[in-house]
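Scroll down for the structure; my scribbles are underneath it.
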Amino acid sequence: MKEIVVVGASLAGIRSCQNLRRNGFEGTLTLIGEEKYLPYDRPPLSKSMLTTDQNPQELFLVSEAEVRDLEINLLLGERATGLNTVKQEVTVGEEKIHYEGLVIATGASARKLSKFTELDGIHTLRTLDDALAIRSGLTSGSSIVIVGAGFIGSEIASAARTRGCKVTIIEGGAAPLIRGLGEKTGWLVVRYTNDTALNCYSAHRWHLSTAVAPLKRSNLAMARKSPLRCSSSELALHPTLNGSATQASLSTTVFFATRH
Ligand SMILES: Cc1cc2nc3c(=O)[nH]c(=O)nc-3n(C[C@H](O)[C@H](O)[C@H](O)COP(=O)(O)OP(=O)(O)OC[C@H]3O[C@@H](n4cnc5c(N)ncnc54)[C@H](O)[C@@H]3O)c2cc1C
2 MKEIVVVGAS
12 LAGIRSCQNL
22 RRNGFEGTLT
32 LIGEEKYLPY
42 DRPPLSKSML
52 TTDQNPQELF
62 LVSEAEVRDL
72 EINLLLGERA
82 TGLNTVKQEV
92 TVGEEKIHYE
102 GLVIATGASA
112 RKLSKFTELD
122 GIHTLRTLDD
132 ALAIRSGLTS
142 GSSIVIVGAG
152 FIGSEIASAA
162 RTRGCKVTII
172 EGGAAPLIRG
182 LGEKTGWLVV
192 RYTNDTALNC
202 YSAHRWHLST
212 AVAPLKRSNL
222 AMARKSPLRC
232 SSSELALHPT
242 LNGSATQASL
252 STTVFFATRH
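All you need for this note's numbering is the position in the sequence shown, starting with 1, plus 1.
Written out as structure tokens, the structure is:
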């Protein structure tokens with residue numbers, strides 16, 4: 002095999018390239034990534050990136066020098082938009098990149114409460130740019146609403162508390178962390194961390210077994226007039242059946258209700 006294309010320049014994509022070279026692949030290796038950054042580690046995005054003023058470069062999984070040493074043809078800020086498996090080509094912009102071997106490492110993306118994403122003060126957390134935007138809003142005294150009390154939502158809550166924000170959490174299930182840990186253990190973790198210096202997974206106000214209706218253009222028009230007042234009381238909340246969350250309420254979405 003002489004040409005391998007890897008789509009998705011994150012953990013799986015860069016590790017694929019490193020291991021291909023380590024195992025003796027000497028052909029053309031192209032790594033295509035939609036984001037503009039070198040491949041980076043995502044777990045700190047909801048932890049040290051929010052609790053400290055960490056430099057994004059500390060998250061990079063490789064340096065530019067390592068990319069050069071590995072002889073990777075790195076296309077950053079480029080989205081693969083098409084795949085022709087007969088001609089063995091990936092489309093990137095106007096370009097068709099031929100492959101003999103293809104690795105699709107496109108990972109996951111955040112589900113949004115609305116297809117209308119232009120409203121200021123609403124974020125999901127998946128990328129480095131998302132984390133930087135959220136961090137800039139975590140100022141002491143701000144009120145924030147977090148939809149989803151899984152690990153990521155809970156970690157954002159913890160970081161927001163650490164930075165002196167007032168936090169409201171809306172969760173579709175009957176307990177925080179319920180999908181990963183179950184109801185009993187979810188509460189145990191919250192209680193344990195509330196009693197320690199970790200102050201993790203904490204909020205001033207909880208709405209459990211509660212879903213948020215997908216945002217509609219009319220909500221957004223209202224909120225756009227006064228984006229600073231988009232608090233939980235202005236979101237359409239409704240109880241979930243037997244604590245089972247709607248798809249929308251499973252996403253982690255952060256609303257900044259008050260900006261300073
Ligand atoms: C905030 C946060 C905290 C996390 N914390 C933890 C943790 O504590 N512990 C843990 O084990 N895991 C954690 N995870 C999960 C972990 O980060 C993921 O499992 C890991 O990132 C998966 O890597 P991946 O390379 O498969 O996919 P991803 O990291 O999702 O990367 C996929 C890449 O493909 C790119 N891409 C997608 N489509 C295209 C396209 N068409 N063209 C070009 N590029 C494209 C995307 O832009 C993205 O950069 C966390 C994730 C997040 C978001």
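From the three backbone atoms N, C-alpha and C, an ideal C-beta is built for every residue, glycine too. Treat the numbers as computed from the prediction; the structure is a model and nothing was measured.
| Item | Value |
| --- | --- |
| Sheet register partners of T29 (DSSP bridge) | E4 |
| Sequence-ordered residues whose beta carbon comes within less than 6 Å of a heavy atom of ligand 1 | V8, G9, A10, S11, L12, A13, G14, I33, G34, E35, E36, R43, P44, L46, S47, R80, A81, A106, T107, G108, A109, L126, R127, I153 |
| Integer-rounded CB distance, given that L32 should sit under 8 Å from P75 | Residue 75 is actually Leu in this sequence, not Pro. Indeed they touch by this definition, with Cβ atoms about 5 Å apart. |
| For G122, three-class secondary structure by DSSP | coil |
| Host beta strand (DSSP E) of V91 (start-end) | 90–93 |
| Anticipated Cβ contact below 8 Å, V104 with I5, distance rounded | 7 Å |
| Sheet register partners of R206 (DSSP bridge) | T169 |
| Length-filtered (4 minimum) alpha helix (DSSP H) runs lying within the segment 138–167 | 152–163 |
| Cβ-based burial, E156 [other Cβ within 10 Å; buried from 16] | buried |
| Alpha carbon of R192 to alpha carbon of E65, nearest angstrom | 44 Å |
| Check whether E101 and Q89 have beta carbons under 8 Å apart | yes |
| Start-to-end residues for the alpha helix (DSSP H) that takes in E65 | 65–70 |
| Three or more C-beta pairs below 8 Å linking the segment 137–154 and the segment 162–172 | yes |
| Residue of L71, S144, G34 minimising C-alpha distance to R206 | S144 |
| Nonlocal neighbours in the same chain, by C-beta distance under 8 Å from L139, ignoring five residues either side | L51, I145, A160, A161, R164, C166 |
| Residue range of the beta strand (DSSP E) that includes G83 | 81–85 |
| Straight-line Cα distance separating K3 from T128 | 32 Å |
| Through-space distance from G34 to R22, alpha-carbon basis | 19 Å |
| Beta-carbon gap between V68 and A81 smaller than 8 Å | no |
| Option nearest S49 by Cα separation, candidates K37, A132, A175 | A132 |
| G25 versus A212 - alpha carbon distance | 51 Å |
| Spatially closest choice to V87 from I123, G174, H99, V93, by CA coordinates | H99 |
| Three-state secondary structure assigned by DSSP to E101 | coil |
| Beta-carbon separation (whole angstroms), D42 vs L60, contact threshold 8 Å | 5 Å |
| Contact set for A176: own chain, Cβ-Cβ below 6 Å, skip 5 residues either direction | E184, G187, W188 |
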